[in-house]
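Asker: Going by our numbering, the residue at position 190 of the sequence shown is 607; the numbering climbs one at a time, nothing skipped.
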Amino acid sequence: MRNSTILTIAVCLCLPVGSVRGGKAPDLAEPKPAPKGIAAARDKGLAWLTKNQGVGGSWGKTYTVAVTSFASLAYLAASDEPFKGDNGKALVAGLKYLMSAQKNGQFPAQGHSWIHGQGFATLALSEAVGRSLFCKTKPDIDLKKMRGVVTAAVKVIADNQSSSGGWWYTPGSKRQHEGSTTVCAVQAMVSAANYGIAIDKSVLAKGFDYLKKCQNADGGFDYQLDNSPNTKSMKEGTAGDVATLGLMRKFDFAVMMNGYKFLLKITPGAISKERFPYYGHFYGCMGMRLLGQEFKSFRDKTNGYISAAQKDVLSWQGKDGQWPVMSWVKSSGGGEGGAYATSFAAMILGADEGRLSIFNRKPPKLPK
């Protein structure tokens, strides 16, 4: 992958017609509680985020829209009542920053990427709107307006899909595309659909199809669709594609099994040594959770994979609660600092609790 592409993936993470799913979902109001060690580490990390929130409610440096979205998702993933207490106030401030940053559902380009901020901000606002339906403590924010922003934002995403079915860094790039951009665009659309917000189903179907076509002969996934099945597969990028394709309503057994085997073969330990371990572990844990939901007989291996990834992440936490930037991000100047790393780490530690709708194969059953 190009260095510019890698930096964007590191800073800005990152599901098919099939994503608009029916049926009763796992109860988001009663997630599986985290083990004490994991819960304590995550709480310490979230306290660090709350203490180190920037002016105006943002986090981050250059990519404030994306990193603020990561932090917001970290709070939403960690608590049944995410809008309560000091962390809740920080979350609401972050959401208000995101609302103020957009115009008619479009978020600004930051650095060299627009779509990552667009995708993750849309995802964060969508998850916040959805979670508010289930919480006793409601956020001090105009939820009707926020829902309208999500509706507009997913339309902006759809309007910028490339002719291949993927997405590129900048708006209007109909002939350019790659995987990490497509992952974050598609997941935002899925989250919106999970909470009853209208999306273009044909756009979603094309996005999933694009990702499936990026799979190589070894089960891993390529950087972009280029019809070269024997090129070297990405490790962290494969985790992102597996996590995204795991949210298709009609489970693609062949694609998912090959991706699953690839991730098991490389192991979480290998991802810990790669250029973007937080990115890889976030999506690796998410993908394994979804596979375990689909196949109960896989759960020993999927749970083992998640536990191994979380064990590595736990070992990286600093005494003050924050997680450090690592590997390529660190060597290239630090990226977005502790807020980026701490937000991702907190989400990794909460992936198997399933509070975010995208951590579940089925959408939540919405109240009438």
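Using N, Cα and C, we set each Cβ at its ideal position, and we do this for glycine too.
Quick check: T731 and I455, are their CB atoms within less than 8 Å of each other?
Answerer: Note that residue 731 corresponds to Leu in the displayed sequence, not to Thr. Contact flag set, yes.
Asker: Between L542, G701 and K782, which lies nearest to A687 when the distance is taken from Cα to Cα?
Answerer: The shortest C-alpha separation from A687 is found at G701.
Asker: Using a 10 Å radius around the Cβ and a threshold of 16 neighbouring Cβ atoms, would you call G440 buried or exposed?
Answerer: Caution is warranted here: a pLDDT of 34 is assigned to G440, below 50, making its placement in the model unreliable, and no coordinate value can be reported.
Asker: Using 10 angstroms around the beta-carbon of V546, count the other beta-carbons present and answer buried if the total reaches 16, otherwise exposed.
Answerer: Buried, by the Cβ-count rule.
Asker: Check whether the segment 572-584 touches the segment 616-625, counting contact only when three or more Cβ pairs, one atom from each stretch, lie closer than 8 Å.
Answerer: With the cut-off at 8 Å, the segment 572-584 and the segment 616-625 touch.
Asker: Go through the segment 562-643 residue by residue and report every complete run of the alpha helix (DSSP H) that reaches 4 residues or more, in order.
Answerer: List check, alpha helix (DSSP H) in window: 596-611 and 618-630.
Asker: Taking 7 Å as the cut-off, is the C-beta of F625 nearer than that to any heavy atom in the ligand ZN?
Answerer: As far as ligands go, the structure on display features none, and thus does not contain the ligand ZN.
Asker: In the DSSP assignment, the alpha helix (DSSP H) including A456 goes from what residue to what residue?
Answerer: Segment K453 to K468, the alpha helix (DSSP H) holding A456.
Asker: With a CB to CB cut of under 8 Å and the five nearest residues on each side skipped, what residues in its chain are close to A768?
Answerer: Cβ neighbours of A768 beyond the five flanking positions: A494, F699, C702, M703, R706, I723 and F776.
Asker: Going by DSSP in three states, Q535 sits in which element: helix, strand or coil?
Answerer: Three-state DSSP puts Q535 in a helix.
Asker: Roughly how many angstroms lie between the CA atoms of Q535 and M674, to the nearest whole one?
Answerer: When rounded, the distance between both Cα atoms is 31 Å.
Asker: Run through DSSP, which three-state label would M703 get?
Answerer: If DSSP states are grouped into helix, strand and coil, M703 belongs with the helices.
Asker: Please state if the CB of V659 and the CB of L680 are separated by a distance shorter than 8 Å.
Answerer: Going by C-beta atoms, L680 is nearer than 8 Å to V659.
Asker: One question on the structure: do G663 and Y640 come within less than 8 Å of each other, judged by their Cβ atoms?
Answerer: Result no, Cβ atoms of G663 and Y640 do not sit closer than 8 Å.
Asker: Where does Q734 fall in DSSP's three states?
Answerer: DSSP places Q734 in coil when its eight states are reduced to three.
Asker: Taking DSSP as the reference, what is the three-state secondary structure of Q523?
Answerer: Three-state DSSP puts Q523 in a strand.
Asker: Looking at V571: is its Cβ nearer than 8 Å to the Cβ of A605?
Answerer: It is a contact, given that the beta carbons lie within the stated cut-off.
Asker: Using only alpha-carbon positions, find the residue among A656, K555 and Q632 that is nearest to P646.
Answerer: Nearest of A656, K555 and Q632 to P646, Cα basis: Q632.
Asker: Check for me: the alpha helix (DSSP H) holding N504 runs from which residue to which?
Answerer: Run containing N504: G502 to A518, per the alpha helix (DSSP H) assignment.
Asker: Under 7 Å Cβ to Cβ from V509, same chain only, skipping five residues before and after it: list those, please.
Answerer: Hits under 7 Å: F500, P556, D557 and I558.
Asker: Between V566 and G522, how many whole angstroms is the CB-CB distance? I'm expecting something under 8 Å.
Answerer: Right, the Cβ-Cβ distance comes to about 6 Å (below 8 Å), so this counts as a contact.
Asker: Which residues does DSSP pair with S543 in a beta bridge?
Answerer: According to DSSP, S543 bridges with nothing at all.
Asker: Return the residue from the list Y514, F761, T648 and D669 that minimises the CA-CA distance to F693.
Answerer: Closest by alpha carbon: F761.
Asker: Could you tell me how far apart the beta carbons of L463 and Y492 are, in whole angstroms, since I believe they sit closer than 8 Å?
Answerer: So it is a contact: roughly 6 Å between Cβ atoms.
Asker: Check for me: the alpha helix (DSSP H) holding K667 runs from which residue to which?
Answerer: No alpha helix (DSSP H) contains K667, which DSSP labels as neither H nor E.
Asker: Compute the Euclidean distance between the alpha carbons of K734 and M563, then round it to the nearest angstrom.
Answerer: Before going further, note that residue 734 is Gln rather than Lys in the sequence given. Using only the alpha carbons, I get a separation of about 34 Å.
Asker: F638: buried (16+ other C-beta within 10 angstroms of its C-beta) or exposed?
Answerer: The residue in question, F638, is buried, as its Cβ has 16 or more Cβ neighbours within 10 Å.
Asker: Which partner residues does M651 have in the DSSP bridge list?
Answerer: Note: M651 sits in a beta bridge opposite F638.
Asker: Whose CA, out of S543, A538 and A488, lies closest to the CA of P780?
Answerer: When each option's Cα is compared against that of P780, the closest is S543.
Asker: Among the candidates K461, M665 and K553, whose CA atom is the shortest distance from the CA of E498?
Answerer: If we check each option's Cα against that of E498, K553 comes out closest.
Asker: Name the two residues that bound the continuous alpha helix (DSSP H) containing Y757.
Answerer: Per DSSP, Y757 belongs to the alpha helix (DSSP H) from G755 to G767.
Asker: Once DSSP output is grouped into helix, strand and coil, what is the label at S496?
Answerer: S496 falls in the coil class under three-state DSSP.
Asker: Less than 8 Å between the C-beta atoms of G765 and A726, yes or no?
Answerer: Correcting the residue type first, residue 765 is Ile in the shown sequence and not Gly. Closer than 8 Å, so yes.
Asker: By how many angstroms is the C-alpha of Y677 removed from the C-alpha of G709?
Answerer: G709 and Y677: Cα-Cα distance of roughly 11 Å.
Asker: Quick one: is G613 buried, meaning 16 or more other Cβ sit within 10 Å of its Cβ, or exposed?
Answerer: Per the 10 Å Cβ criterion, exposed.
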